[in-house]
Amino acid sequence: MTKYQFMKQLDSLLKRLSSEERQDILQDFEEHYAFGLQAGKTEEQISASLGSPHQIAKELLASYHLDKVESTATTGNIIRAMWAVIGLSFFNLLIVLGPFIALAAVIISGWVAGVGFITSPLLVFINAVIYPETFEFFDLFFSMVLAGVGLFLAIGMFYVTRAITSGFVRYLKFNAKLVKGGLKHD
Numbered sequence: 001m002t003k004y005q006f007m008k009q010l011d012s013l014l015k016r017l018s019s020e021e022r023q024d025i026l027q028d029f030e031e032h033y034a035f036g037l038q039a040g041k042t043e044e045q046i047s048a049s050l051g052s053p054h055q056i057a058k059e060l061l062a063s064y065h066l067d068k069v070e071s072t073a074t075t076g077n078i079i080r081a082m083w084a085v086i087g088l089s090f091f092n093l094l095i096v097l098g099p100f101i102a103l104a105a106v107i108i109s110g111w112v113a114g115v116g117f118i119t120s121p122l123l124v125f126i127n128a129v130i131y132p133e134t135f136e137f138f139d140l141f142f143s144m145v146l147a148g149v150g151l152f153l154a155i156g157m158f159y160v161t162r163a164i165t166s167g168f169v170r171y172l173k174f175n176a177k178l179v180k181g182g183l184k185h186d
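Note that the sequence shown covers residues 1 to 186 in the numbering used here.
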């Protein structure tokens, strides 16, 4: 593969990045070619030593999305980072998607339980309006206790959600490093 083919393919694969970031990356590869040509290598040898543009783009996009989710941990950024890491290898489909689904289920069920408990007094009042003959003060007081438990659960879920999110981002970064070439022992 010639330098032109390599650079054109890499540029098209990195179109999700901003033009400034893409130009910085392409400039780095231009320097690789310049140093390789000075060392007496051909463009084909340099292209072969750099590797596949597809794999390079996958690794760069995964790094980009992981950096982005580290600075702004929104749900969309986490999902994009997760899919970018899964794209690094098929093995990651099981290793990343499984824990993500399990953790998402824990977070969603915790929030649903908290909100359900908090809204229980409202549901008792709605029931009392529709069926006034079934109203009992015990139901009202018990629903208020549940609302208090729901508030504590919601507050706890706020911190649990933050902890699970940061832990999952660290897990994605660890997995990306592992797939890119193993972990180096410092």
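Ideal Cβ positions, reconstructed from N, Cα and C, are used throughout, including at glycine. Note that the structure is predicted; figures quoted are calculated from it, not measured.
If you draw a straight line from the C-alpha of residue i to the C-alpha of residue j, how long is it?
i: LEU61; j: LEU151; result: 40 Å
i: ALA154; j: GLY98; result: 25 Å
i: SER166; j: PHE6; result: 36 Å
i: LEU172; j: VAL96; result: 7 Å
i: ASN92; j: ALA102; result: 15 Å
i: GLU31; j: LEU17; result: 20 Å
i: HIS185; j: SER143; result: Unreliable placement is indicated for HIS185, whose pLDDT of 49 sits below 50; the coordinate value is still reported in the next sentence. Taking the straight line from one Cα to the other gives about 55 Å.
i: PHE141; j: SER120; result: 10 Å
i: LYS177; j: LEU88; result: 10 Å
i: GLU44; j: ASP24; result: 22 Å
i: ILE46; j: GLY114; result: 58 Å
i: LYS15; j: TYR64; result: 12 Å
Closer than 8 Å to a non-hydrogen atom of the ligand MG - does that hold for the CB of residue i?
i: PHE125; result: The ligand MG is not part of this structure, which contains no ligands at all.
Find the nearest neighbour of residue i within the set the options, judged by alpha-carbon distance.
i: PHE90; options: ASN175, LYS3, MET157 and LEU50; result: ASN175
i: HIS54; options: MET1, GLU20, GLN9 and LEU66; result: GLN9
i: PHE135; options: LEU123, LEU146 and VAL145; result: LEU123
i: VAL169; options: ILE25, ASP11 and LEU66; result: LEU66
i: VAL106; options: SER63, ILE164 and GLN45; result: ILE164
i: ALA104; options: LEU14, ILE46, THR72 and ILE79; result: ILE79
message = For a minimum of 4 consecutive residues, which ranges assigned as the alpha helix (DSSP H) are wholly contained in the stretch 79 to 154?
response = The stretch 79 to 154 contains these whole alpha helix (DSSP H) runs: 91 to 118 and 120 to 130.
message = Using a Cβ distance threshold of 8 Å, determine whether the stretch 58 to 72 contacts the stretch 81 to 93, with at least three qualifying pairs required.
response = The stretch 58 to 72 is in contact with the stretch 81 to 93.
message = Three or more C-beta pairs under 8 Å: does that hold for the stretch 110 to 117 against the stretch 155 to 162?
response = With the cut-off at 8 Å, the stretch 110 to 117 and the stretch 155 to 162 touch.
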